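Number of protein chains: 2
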Amino acid sequence: MAVTRDDVARLAGVSSATVSYVINDGPRPVSEETRAKVLRAIEQLGYQPNVMAQSLRRQRTNTVGLVFTTIERHLTHPYFVDLLTSIGEECARHGLNMLLSPCADRALEQSIYERMVGGRQVAGIIVTGVRHDDARIAYLSAEAFPFVVLGRPEHDDGDFPYIDVDGARGTDEAVQHLVDLGWQRIACIGLSAELVCADDRLAGYRRALERNGLAYDSRLVANVHTTEAAGHQAMARFLALDEPPDAVLACSDELALGAMNAAQEQGLVVGQDIGVIGFDDIPSAAYCRPPLTTIRQPMYEIGTRLCRMLIQIIEGEEPEERQVILPPTLVVRESCGTHRHLP
Amino acid sequence: MAVTRDDVARLAGVSSATVSYVINDGPRPVSEETRAKVLRAIEQLGYQPNVMAQSLRRQRTNTVGLVFTTIERHLTHPYFVDLLTSIGEECARHGLNMLLSPCADRALEQSIYERMVGGRQVAGIIVTGVRHDDARIAYLSAEAFPFVVLGRPEHDDGDFPYIDVDGARGTDEAVQHLVDLGWQRIACIGLSAELVCADDRLAGYRRALERNGLAYDSRLVANVHTTEAAGHQAMARFLALDEPPDAVLACSDELALGAMNAAQEQGLVVGQDIGVIGFDDIPSAAYCRPPLTTIRQPMYEIGTRLCRMLIQIIEGEEPEERQVILPPTLVVRESCGTHRHLP
DNA sequence: CTGAAAGCGCTTACAG
DNA sequence: CTGAAAGCGCTTACAG
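Residue numbers (the numbering used here), protein chains in the order written: chain A, 51 to 393; chain B, 51 to 393.
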């Protein structure tokens, strides 16, 4: 059986309370001599405090929760990996653990959150991928449970701490970049329609189209789950139109990769016959051929700041920043052509 | 404050023991009438059992632990993501959670494991990336704590449950594939020397070289951390040799991607002037140009089986399989040339 | 079929 | 400076 605090107390010849005070280094003074005895006993027995017992007694846990859906293979999205890494590192800096709960079925999602929150398994939660009328956010708000969100609410969808990227600005810049290079008929492969950020990105697309006097054509717009396969499929459909697009804005790099592939399969030279621009700047974007021009989201930084925000909320402090919108940045590579395109 | 079992008992007008029996559905019979009363009270109060208290009392937790090092940005390796996803899904099927602890500094690694194990935070641990004289494995074995390993021990490094890919077979096949296509002077960018699998893969490389009557040249071998940058650097160094290689086996796809880039920067056409073969079959392998020929590791399957194995060990059962070595498979794409290369 | 009680391993007022 | 004791929210033998 595992060694407990009482074993330490017995070996050191002190009360178990004293052991606790030594371990927690306060709040009451312990004589150097006693401390040394206890420390020696701990060392000798290889004692580790039982984390469950500590949490139960302290009425707070040392863990931050994150639910990832395996439905859309969320975790496999390269940008999500950056997020996870930075959150993990920030957690580590604060001595926190991460509890990762997979959700394989949307119907079970609510119960996973309820278990985490009601079961007091975690001290706070990070939510990603805000949806319209997001039940998770409604629940966490109602419970007044500490949480932060990657992504913004819609206007009347409540007020909560978040960090988001200005998606509309990103897609606007993307379209402008395409237009500046001479592309005229620009399609858009958008994200899953349930996501709030899908609307946001579509809005930027339309805004830039309008500003440039280009017509919006709903046949050139798709909403899909972000996978390479879906990007491929959407692009193939666009290319089969009577008036196919000469460029495409994909709302994720994975979609863009699939779209490039579809174009290449039809014998088109990307960056010459057709312009392709992505969103995210995942590692593959730099390594595909041609290298993908894309809108970069600073996921690593977002994860760090999000986690810091959550920690402050958990501690009951007013977070230094509560609602942040970060600008994405255009990363020009070769998939839209490197100089003016002449039709 | 959170609602507790006593609140439920009070509302239902039963003892708190009865509430427990209803929640745990046994082991003692509860009358239908009482059960209904309790269930109604639970529903009404939105009661969730406190997971900490349950774990403490039951003397076991419902969580599986995984330490990932942020040093080598382990988590960002695409193959690791597959592993995490499949482990997560398998955990979910068994009602388990995953505790992910980042390790930012090798010096802290031991203490992270000690906290997980000694602190009884997790019921079992999954170890990845076996190193020579691996302290983690020695520790877990000594503690007789449930764990499984991705990767094999060396001969006298102890006996533990694992799943591994036959790396030597993979690299052997890779080299043979290169030789069959006419490549003659084959370099190898190996993994970090501390990893047991680095040796394994190097062994397959040497074996195939020998079998084909090709000389082993230590100048054509490097051991590096697996990043694109490192692959780039190693390749650049190879190409600067008096007798540069005409092909390279990279022991991970990330290394291969970097190596391809370095070759392309020097104006070489991959698949024509130089052959490149990778290891892993990450998503980018299919999407880079030229598409990367590689040795595929079935990481998703490995994660599932590894997790299943761990669960059986946690339950105290004899695992159905205890030590598994899976064959990798050659995935031929274009980076080694698609037909015989004529020097 | 049900309740009263011990105890999991801690922390922390309370008393000395 | 230190110890005895209450209690966090559960589970589960024990007794009825």
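C-beta: ideal position from N, C-alpha, C; glycine also.
Since the model is a prediction, treat every value here as computed from it, not as a measurement.
For a contact meaning CB atoms closer than 9 Å, what does residue i contact in chain B?
i	result
A:GLY387	None at all; the shortest Cβ gap to chain B is about 16 Å.
A:ALA258	Simply none; closest approach about 27 Å.
Mind pulling the chain B residues with CB within less than 8 Å of residue i?
i	result
A:SER334	PRO333, SER334, TYR337, CYS338
A:GLU315	Near A:GLU315 there are no residues of chain B at all, since even the closest Cβ is about 12 Å away, more than 8 Å.
A:CYS141	PRO152
A:GLY321	Under the 8 Å cutoff, chain B gives no residues; its nearest Cβ is about 12 Å from A:GLY321.
A:ASN31	The question about residue 31 of chain A has no answer, for chain A in this structure spans 51 to 393.
Buried or exposed: which applies to residue i, given that a residue is buried once 16 or more other Cβ atoms fall within 10 Å of its Cβ?
i	result
B:GLY263	exposed
B:PRO152	buried
B:PRO99	buried
A:SER385	buried
B:HIS282	buried
B:HIS182	exposed
A:MET102	buried
A:GLU371	exposed
B:SER334	buried
B:GLU223	buried
A:HIS205	exposed
B:ALA192	exposed
A:ILE175	buried
B:TYR266	exposed
A:ARG108	exposed
A:ALA86	exposed
B:ALA248	buried
B:ARG165	buried
B:THR68	buried
A:ARG156	exposed
B:ASP214	buried
A:GLU82	exposed
B:PRO340	buried
B:SER161	exposed
A:PRO393	Low local confidence applies: a pLDDT of 49 at A:PRO393 is under 50, so the model's placement there is unreliable, with the coordinate-based value given in what follows. Per the 10 Å Cβ criterion, exposed.
B:ARG78	exposed
A:ARG355	buried
Taking C-beta pairs closer than 7 Å, name the residues in chain A that residue i reaches, listed in chain order.
i	result
B:GLN98	GLU164, ARG165, GLY168, GLY169
B:THR111	MET102
B:SER105	MET102
B:GLY174	None at all; the shortest Cβ gap to chain A is about 15 Å.
B:LEU394	Here chain B comprises residues numbered 51 to 393, so residue 394 of chain B is not present and cannot be evaluated.
Assuming the contact rule is C-beta atoms closer than 8 Å, residue i and residue j should be a hit. Round their C-beta distance to whole Å, please.
i	j	result
B:MET349	B:TYR129	5 Å
A:PHE197	A:VAL177	6 Å
A:THR344	A:PHE329	6 Å
A:ILE363	A:PRO211	7 Å
A:ILE236	A:VAL225	6 Å
A:ASN424	A:LEU146	As displayed, chain A neither begins before 51 nor continues past 393, which places residue 424 of chain A out of reach and without an answer.
B:ARG346	B:PRO369	Their Cβ separation, rounded to whole angstroms, is 25 Å, which puts B:ARG346 and B:PRO369 out of contact at 8 Å.
A:GLU140	A:ARG358	6 Å
B:ASP56	B:SER66	5 Å
A:LEU133	A:ILE352	7 Å
B:ALA284	B:ILE332	Contact doesn't hold; Cβ gap of about 18 Å is too wide.
Starting from residue i, find everything on chain A with Cβ-Cβ shorter than 9 Å and list it in chain order.
i	result
B:ASN74	Result: empty, since nearest Cβ-Cβ is about 14 Å, beyond 9 Å.
B:GLY325	Chain A residues near B:GLY325: none, gap ~17 Å exceeds 9 Å.
Strictly below 8 Å CB to CB, what residues from chain A border residue i?
i	result
B:MET148	LEU149, LEU150, SER151, PRO152
B:GLY328	What B:GLY328 touches in chain A: nothing, since even the nearest Cβ is about 12 Å away.
B:GLY366	What B:GLY366 touches in chain A: nothing, since even the nearest Cβ is about 15 Å away.
B:GLY353	Those do not exist, as B:GLY353 stays about 11 Å from chain A at its closest Cβ, beyond 8 Å.
Just to make sure I have the definition right: I need the residues of chain B whose C-beta is within less than 7 Å of the C-beta of residue i. Which are they?
i	result
A:ALA52	GLY168, ARG170
Beta carbon of residue i: closer than 7 Å to some heavy atom of the ligand GTP?
i	result
B:TYR129	As for the ligand GTP, it is missing from this structure, which has no ligand bound.
With a floor of 4 residues, list each alpha helix (DSSP H) that falls wholly inside the segment 244 to 276 of chain B, ordered by position along the chain. 246 to 261
Kindly confirm or deny that the segment 294 to 309 of chain B and the segment 324 to 342 of chain B touch, where touching means at least three C-beta pairs closer than 8 Å. yes
Would you check if the segment 169 to 179 of chain A and the segment 174 to 189 of chain B touch, i.e. whether three or more CB-CB distances between them fall below 8 Å? no
Quick one: which unbroken beta strand (DSSP E) runs of 3-plus residues sit fully inside the segment 281 to 351 of chain B? Chain order, please. 297 to 300, 325 to 330, 343 to 346
Could you tell me whether the segment 212 to 222 of chain B touches the segment 269 to 285 of chain B, where touching means 3 or more Cβ pairs closer than 8 Å? no
Continuous beta strand (DSSP E) assignments of at least 3 residues falling wholly in the segment 184 to 255 of chain B: 197 to 200, 212 to 215, 236 to 240
Segments assigned beta strand (DSSP E), at least 3 residues, entirely inside the segment 112 to 179 of chain A: 113 to 119, 147 to 153, 174 to 178
Runs of alpha helix (DSSP H) wholly within the segment 77 to 113 of chain B (minimum 4 residues, chain order): 82 to 95, 101 to 108
For the structure I just gave you, are there three or more beta carbon pairs, one from the segment 81 to 97 of chain A and one from the segment 53 to 66 of chain A, closer than 8 Å? yes
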